[in-house]
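Student: Sharing a structure here in structure tokens format.
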Amino acid sequence: MPPTLTATSWILLMVVAALCGIAKTALPGAATIAVALCTAVLPAKESTGAILLMLMTGDLLAVWSYRHDADFRMLRRLVPAVLAGVGAGALFLHLASDSSTRRLIGIVLLLLVAITLLQRRAAGRSKVPTRSPVPPMAPPASGASGAPEALEASAAPATGGRAARLVYGSLAGFTTMVANAGGPVTSMYFLACRYPVKAFLGTTAWFFFLVNLVKLPFSVSAGLVNATTLSLTGIAAPAVIASALAGRRLAERMDQRVFEPIIIALTIVSALPLLR
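Under this note's numbering, the first residue of the sequence shown is numbered 4, with each subsequent residue one higher.
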């Protein structure tokens with residue numbers, strides 16, 4: 004049975020649901036904003052469980068929408084580093100306070116933004132042709148690996164190497180384990196790979212769909228997912244679905260030159276509250 008909330012709290016909860024939906028199909032950084040907003044509406048446990056279920060609702064739409072656009076080869080290569088990061092995050096939770104953990108993540112995110120911007124400035128954007136959005140009905144071109152050919156050409160050497168995958172993958176696993184803040188880390192990595200808009204969103208969608216599936220049993224056993232959070236998600240699901248569909252339409256029309264600064268800005272906005 005859902006908790007008793009004020010009218011204002013229900014409105015804010017619908018905003019959270021809408022942010023979860025659009026985060027999955029258009030603007031990944033919005034998920035971290037949704038997490039922060041949800042903690043102002045619900046107690047910590049209910050907030051964490053409800054957010055996870057809303058995000059998984061959006062995951063289902065996102066992986067279907069971008070089922071032809073993900074770079075599955077990259078995802079397979081990231082798995083070992085992500086699992087190592089999750090393990091390190093679980094250990095870190097037993098050793099560090101919540102405030103120090105959040106500050107550390109905030110600092111790491113801002114450093115990643117700075118590194119990404121410096122790399123782009125050094126390389127010179129004029130040397131890399133800007134990709135226009137993929138037409139909505141265009142069939143994906145696939146190579147022998149099954150991943151879109153454009154993805155192989157788009158990955159920069161600095162991000163395609165084993166060292167970069169190890170650093171970003173472990174950071175993503177670590178941050179999603181300790182603070183549900185893995186989104187900005189993966190955003191910086193996939194952005195640095197110079198994926199087109201739909202490939203970026205597709206790879207991100209499948210990454211977090213799989214990560215959230217792994218986290219779900221642990222959340223159930225910890226009592227984060229229960230009858231209350233299930234009922235809240237059922238009520239909020241229409242807002243998640245509607246915003247996810249709207250986000251899909253937005254992504255089809257978004258220019259790469261607009262998309263990239265938005266992702267960087269949302270990453271900064273997501274990192275700043277963690278520094279408090």
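Cβ atoms here follow ideal geometry from the backbone N, Cα and C, with glycine treated the same way.
Quantities reported herein were computed from a predicted structural model and do not represent experimental measurements.
Which term fits residue 223, buried or exposed, when burial requires 16 or more other beta carbons within 10 angstroms of its beta carbon?
Tutor: exposed
Student: Where do the ends of the alpha helix (DSSP H) carrying residue 21 lie?
Tutor: 10-28
Student: Using the Cα positions of residue 171 and residue 192, report the straight-line distance between them to the nearest angstrom.
Tutor: 6 angstroms
Student: In this structure, how does DSSP classify residue 280 when only helix, strand and coil are distinguished?
Tutor: As displayed, the chain neither begins before 4 nor continues past 279, which places residue 280 out of reach and without an answer.
Student: Assuming the contact rule is C-beta atoms closer than 8 angstroms, residue 236 and residue 60 should be a hit. Round their C-beta distance to whole Å, please.
Tutor: 7 angstroms
Student: Do the stretch 53-68 and the stretch 9-29 make contact, defined as three or more Cβ pairs closer than 8 angstroms?
Tutor: yes
Student: Please classify residue 3: is it buried, with 16 or more other beta-carbons within 10 angstroms of its beta-carbon, or exposed?
Tutor: Because the chain is modelled from 4 through 279, residue 3 falls outside the range shown and cannot be assessed.
Student: What residue does the alpha helix (DSSP H) around residue 251 start on, and which one ends it?
Tutor: 230-256
Student: Is residue 88 buried or exposed, if buried means 16 or more other CB atoms sit within 10 Å of its CB?
Tutor: buried
Student: Report all residues from its chain with a CB closer than 6 angstroms to the CB of residue 54; omit the five preceding and five following residues, and keep chain order.
Tutor: 38, 41
Student: State the CB to CB distance for the pair residue 206 and residue 20, rounded to an integer number of angstroms; the pair is presumed to be in contact (CB under 8 angstroms).
Tutor: The Cβ separation is near 24 angstroms, so there is no contact.
Student: Straight-line CA distance for residue 70 to residue 76?
Tutor: 14 angstroms
Student: Taking the beta carbon of residue 199 as the centre, do at least 16 other beta carbons fall within 10 Å, making it buried, or is it exposed?
Tutor: buried
Student: I need the straight-line Cα distance from residue 225 to residue 246, nearest angstrom please.
Tutor: 29 angstroms
Student: Specify the secondary structure class of residue 51 as computed by DSSP and reduced to three states.
Tutor: helix
Student: When you compare only the Cα positions, how much space is there between residue 90 and residue 176?
Tutor: 8 angstroms
Student: Would you mind sorting residue 189 into buried or exposed? The rule is 16 or more other CB atoms within 10 Å of its CB.
Tutor: buried
Student: Considering only C-alpha positions, which residue in the set 266, 272, 278 is nearest to residue 31?
Tutor: 266
Student: DSSP on residue 97, reduced to helix/strand/coil?
Tutor: helix
Student: Just the Cα atoms here: how many angstroms apart are residue 13 and residue 240?
Tutor: 13 angstroms
Student: Nearest CA to the CA of residue 208: which residue from 110, 250, 260, 234?
Tutor: 250
Student: I'd like the list of long-range same chain contacts for residue 142, defined as Cβ closer than 6 angstroms, with 5 residues on each side in sequence excluded.
Tutor: Interpretation of residue 142 is limited by its pLDDT of 44, a score under 50 that renders its predicted location unreliable; the figure taken from the coordinates is listed afterwards. There are no such residues.
Student: So for residue 198, helix, strand or coil by DSSP?
Tutor: coil
Student: Taking the alpha-carbon of residue 273 as reference, which of 33, 57, 92 has the nearest alpha-carbon?
Tutor: 33
Student: Nearest-angstrom Cα distance between residue 116 and residue 174?
Tutor: 14 angstroms
Student: In the DSSP assignment, find the unbroken alpha helix (DSSP H) run with residue 264 in it and report its ends.
Tutor: 259-274
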